[in-house]
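> Attaching a single structure in structure tokens format; questions to follow.
Protein chains: 2
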Amino acid sequence: MTTSKLAGLARPAKKARLFGERVSDGRTMARLVMKFGGTSVADVDCIRNVARHVKREVDAGNQVAVVVSAMAGTTNQLVAWTREASPLHDAREYDTVVSAGEQVTSGLLAIALQDMGVNARSWLGWQVPIRADAAHGAARIDHIDGSVLIERMDDHGQVAVVAGFQGVGPDNRVATFGRGGSDTTAVALAAAIGADRCDIYTDVDGVYTTDPRIVPKAGRMPRISFEEMLEMASLGAKVLQVRSVQTAMVHGVRVFVRSSFADPQSLETPGTDSPVGTLICDEEEIVEQKVVTGIAYSKDEAEISLRRVADKPGVAAAVFMPLAAANINVDMIVQNISEDGSLTDMTFTVPIVDFERAQEVLAGARETVGYQAINGSTDVAKVSIIGVGMRSHAGVAAEAFEALAGRGINIRAITTSEIKISMLIDASYTELAVRTLHSLYGLDEN
Amino acid sequence: MTTSKLAGLARPAKKARLFGERVSDGRTMARLVMKFGGTSVADVDCIRNVARHVKREVDAGNQVAVVVSAMAGTTNQLVAWTREASPLHDAREYDTVVSAGEQVTSGLLAIALQDMGVNARSWLGWQVPIRADAAHGAARIDHIDGSVLIERMDDHGQVAVVAGFQGVGPDNRVATFGRGGSDTTAVALAAAIGADRCDIYTDVDGVYTTDPRIVPKAGRMPRISFEEMLEMASLGAKVLQVRSVQTAMVHGVRVFVRSSFADPQSLETPGTDSPVGTLICDEEEIVEQKVVTGIAYSKDEAEISLRRVADKPGVAAAVFMPLAAANINVDMIVQNISEDGSLTDMTFTVPIVDFERAQEVLAGARETVGYQAINGSTDVAKVSIIGVGMRSHAGVAAEAFEALAGRGINIRAITTSEIKISMLIDASYTELAVRTLHSLYGLDEN
């Protein structure tokens, strides 16, 4: 998603609001996007609970747009039907079928809101409109025209209930955004209508310092920066899809992750005191920044080693070009210096789903590369340390290597970025490594 | 539905086709609309069967547009959800929810057709567009723009798979056409694209001379005129909705009712020889016209009698104006001459669902009407004889009265039109009356 393509998402009227336009009855109004996932709208009772969450914000004087997913299970059923009709289905027809799920939820939520006396109406992707590109099945948002929604909010206090996951393509047909696309709809919509915050209601109450199933002492982070959240999401934290975090970061949309299963009436609007959830925001908004914010892990990668490759210019290209041509992403790369200085071992990781295919591609490229053998393993895990504080703190990596070595954990490969260190280890040590690092950087709660 | 509002449905290029433009490979091509109801698309296997029907017509060199209903049961589920969300739901939101059913089927059928090598794409109401009026939940079609569909047929032989039951209202929101609305979509679409025929595939193989559950010797009519079919549909033959027959009559769309459950490969395209189904067409197309075409019956009416009403000008208005104001349709009306010539009994029928309400309205109007008592009964049936041949044959009614009298059946009220005689009788005699009339007019098959 490039900035130029997203010109239409630029936050409107930002300046005006700083001068306090949105004050009503002495209270400061906020403009909010609230997004509810499939388990939050699983049946009509759940939808009514969602309506109570929305009503709470409306009663507090806020302007609200809601984005909804399909009822849990619906999308799977619709996808299964398209596959049953043909394993090689037309993505445009897939989109027509699958987008029906969010359509149903948006109408039902509008009805439930009206039933509670809240002025509301549903909006399908083509009605807003949410303009998408032509990549049916995994389309990207080009432009959202938020003007009519804003007008309805300003003039009638009307709540917009927007069907997530769908837009309209340049061919005037429904285009869906791929799994997790409703999050992206919510964040992009928040940018388009200049919302103060995008609240993602989900089945967890925030983003944790690591997976609480592995580290019971993992704590909910009150705040996390866009950059850190992007790394967390890329590395397997399932709370938000990567694309929605990217969109939030590009447009500076503050995203608040919170639970939809708490009692709507007892929930406070998050402030500085005790917000229940995690705010994803600019680094500047985070006062007490720790060096390390979280520990992530992923078992979605596989390791491939090419033994005794010629150590000469052009050999890396000979290895990685055919993989790129086959659309296989290579992540971590390690090249060992061989004993005699002329031959080397080359180790790298690929997504585990591409493991077999990657080996086939490399077998086909054996002549040009000239390696002696291929070894591979899916029995590896990538453990990562994330924190924007690492930018200004040296020695974080060294501490991590030392701590893992102290536990007898061998590091097979390393990649680093400004705010992340990832280490490839044997999968069986995953939990031990995560716990060790979580303690090391002071993330354990008492 | 007025003719002026439907200007957009006028059949295009009719003249051109008479000069043989649509001839390909030496065969005469036809342009067809094929409509499949909910039981015909109940699951993906059924949808694949529908695709085979469509492919048969495409392979025969025809241009095809298909109209589909929602999968059987889907619409009921969606309607139930809207009611669960609120008993008093917004009709616009109802339409958003309920139209999702046809959307799913249209996409799935397009996929199934493509899987068989047929060029096909789905069209939602707003994409065609099918423009509807603002009466959400029971909207009427204002205009269908068939130009793009025709272009795709002419240029690419593409099959249009159109979601039935839905259009787009003047408010740019989805509008549905009420139950049976997919039939109307099909007929109106046939008019808009100048189709040679609209094939309605259903779970019966045609229109019968009467209900075969009552008269096992009832026969399938090979042809029936628009006017007769309109009477049959109005009187309870459930094969087609009244509105779709009206639309067909106004625009001269030939409608062929046939079964979707026969083997698609063994079905012949209907010709003059042995078409399996019933063709609804202009009277002129029916060569051997019988005097009576069919016998219909309905138990959906109730009888109300006002005893000892003043026999003076204005009293009928005093009775029927308040009923009309309450939106209650009065059908059969009988006024008896009373003994002393100044007071009369007035008997009429109303829809059985309005029976209680009609009595309340009349009780409220008692002062202005000045009747002595109200009597009512729901235990009545209306039996009707239908046939355009009655226009030129006197004595049909007399024969019917005589035959029923011969069976001891009392006729409580009578209404006639040019092509129909309806008689109100005690409900317990319904089957006997239908059988008697079916035999009387020579409709029993050997």
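Going down the list, the sequences are from chains S and W. All residue numbers for the first sequence refer to numbering that gives the first Met the number 0, where the first residue is 0 and numbers rise by one. All residue numbers for the second sequence refer to numbering that gives the first Met the number 0, where the first residue is 0 and numbers rise by one. We put the CB at the ideal spot given by N, CA and C, even for glycine.
Quick one: what's got a C-beta closer than 6 Å to W125/W's C-beta in the same chain, skipping five residues either side?
Closer than 6 Å at Cβ, skipping near neighbours: V167.
> With 8 Å as the limit, tell me which residues of the stretch 59–92 of chain S have their beta carbon closer than that to any beta carbon of chain W; keep them in chain order.
Flagged, chain order: L77, W80, T81, E83, A84, S85, L87, H88, D89, R91, E92.
> Based on DSSP bridge pairs, tell me the residues matched to I303/S.
Beta-bridge pairing links I303/S to F347/S, G375/S.
> Please list, in chain order, the residues of the stretch 134–154 of chain W that have any C-beta partner in chain S closer than 8 Å.
Going along the stretch 134–154 of chain W in chain order, one finds no residue with a Cβ nearer than 8 Å to chain S.
> Would you check if the distance between the CB atom of I303/S and the CB atom of G375/S is smaller than 7 Å?
Going by C-beta atoms, I303/S is nearer than 7 Å to G375/S.
> If you draw a straight line from the alpha carbon of V49/S to that of A185/S, how long is it in whole angstroms?
Rounded to the nearest angstrom, the two C-alpha atoms are 15 Å apart.
> Quick one, which residues of the stretch 27–46 of chain S are near chain W if we go by CB-CB under 8 Å, in chain order?
Hits within the stretch, in order: V43, I46.
> Tell me, which residues are paired with F35/S by DSSP?
V67/S, Y200/S, per the DSSP bridge assignment.
> Could you compute how far the alpha carbon of A467/S sits from the alpha carbon of D299/W?
Residue 467/S lies beyond the residue range present for chain S, which begins at 0 and ends at 445; the question has no answer from this structure.
> Once DSSP output is grouped into helix, strand and coil, what is the label at K419/W?
If DSSP states are grouped into helix, strand and coil, K419/W belongs with the strands.
> Taking only the alpha-carbon atoms, compute the straight-line gap between R172/S and T95/S and give it to the nearest angstrom.
So the two alpha carbons sit approximately 8 Å from each other.
> Going by Cα to Cα distance, which pick from T38/W, S181/W, G60/W, T81/W is closest to G72/W?
Checking every option, the nearest Cα to that of G72/W belongs to T38/W.
> With H, G and I counted as helix, E and B as strand and the rest as coil, what does DSSP make of I285/W?
I285/W: coil per DSSP, three-state reduction.
> Residues of chain S with CB under 8 Å from T184/W, in chain order?
By Cβ distance, chain S contributes nothing, its closest Cβ being about 17 Å from T184/W, past 8 Å.
> Count the other CB atoms within 10 Å of the CB of D42/S; is the residue buried (16 or more) or exposed (fewer)?
By the 10 Å Cβ count, D42/S comes out exposed.
> Could you tell me the distance, in whole angstroms, from the CA atom of V395/W to the CA atom of G205/W?
Going from the Cα of V395/W to the Cα of G205/W covers about 26 Å.
> For D182/S, which residues in the same chain have their Cβ closer than 7 Å to its Cβ, ignoring the five residues on either side in sequence?
For D182/S, where only same-chain residues beyond five positions count, the Cβ hits under 7 Å are K34, I199, L239, Q240, S243.
> Does the beta carbon of V175/S come closer than 7 Å to any beta carbon on chain W?
The displayed chain sequence assigns Thr, not Val, to residue 175/S. For T175/S, the answer is no, since every Cβ of chain W falls outside 7 Å of its Cβ.
> Would N75/S be called buried (16 or more neighbouring beta carbons within 10 Å of its own) or exposed?
By the neighbour-count rule (16 or more Cβ atoms within 10 Å), N75/S is not buried but exposed.
> Apply the 10 Å Cβ neighbour rule to S85/S and answer buried if 16 or more other Cβ atoms are within range, or exposed otherwise.
The residue is buried, with at least 16 neighbouring Cβ atoms inside 10 Å.
> Is the shortest distance between the beta-carbon of V382/W and the beta-carbons of chain S less than 7 Å?
So no, V382/W is outside the interface.
> Helix or strand or just coil, what does DSSP make of R411/S?
Coil.
> Would you give the residue range spanned by the alpha helix (DSSP H) that S105/S belongs to?
Here the alpha helix (DSSP H) through S105/S covers 99–114.
> Give me the DSSP bridge partner(s) of R139/S.
Answer by DSSP bridge pairing: none, since R139/S is not bridged.
> Suppose contacts are defined by Cβ-Cβ distances below 7 Å. Is T246/W in contact with A174/W by that definition?
No, Cβ-Cβ distance for T246/W and A174/W is not below 7 Å.
> Please confirm if Q113/W has its CB atom under 7 Å from at least one CB of chain S.
Chain S contact via Cβ: present.
> To the nearest angstrom, how far is it from the Cα of V22/W to the Cα of R257/W?
Because V22/W sits at a pLDDT of 47, beneath the cut-off of 50, its placement in the model cannot be relied upon, and the point is left open.
> Does the CB of G438/W have a neighbour CB from chain S at under 7 Å?
The residue asked about is misnamed: residue 438/W is Ser in this sequence, not Gly. No, because no Cβ of chain S sits closer than 7 Å to the Cβ of S438/W.
> Who are the near neighbours of L442/S in its chain, counting only those whose CB is closer than 6 Å to its CB and skipping five residues on each side?
T208.
> So, R219/W versus F255/W, is the Cβ gap smaller than 7 Å?
No, Cβ-Cβ distance for R219/W and F255/W is not below 7 Å.
> Taking one C-beta from the stretch 304–318 of chain S and one from the stretch 397–407 of chain S each time, how about it: are there three or more such pairs within less than 8 Å?
Segments in contact, no.
> On the three-state DSSP scale, how would you describe S341/S?
DSSP places S341/S in coil when its eight states are reduced to three.
> Along the chain, where does the alpha helix (DSSP H) containing R222/W start, and where does it finish?
Element bounds for R222/W: not the alpha helix (DSSP H) but the beta strand (DSSP E), 222–224.
> Which chain W residues sit within Cβ distance under 9 Å of T292/S?
Under the 9 Å cutoff, chain W gives no residues; its nearest Cβ is about 41 Å from T292/S.
> Where does S438/W sit, in a helix, a strand or coil, going by DSSP?
DSSP places S438/W in helix when its eight states are reduced to three.
> Beta carbon of D344/W, beta carbon of R306/W: below 7 Å?
Against a cut-off of 7 Å, the Cβ pair of R306/W and D344/W comes out as a contact.
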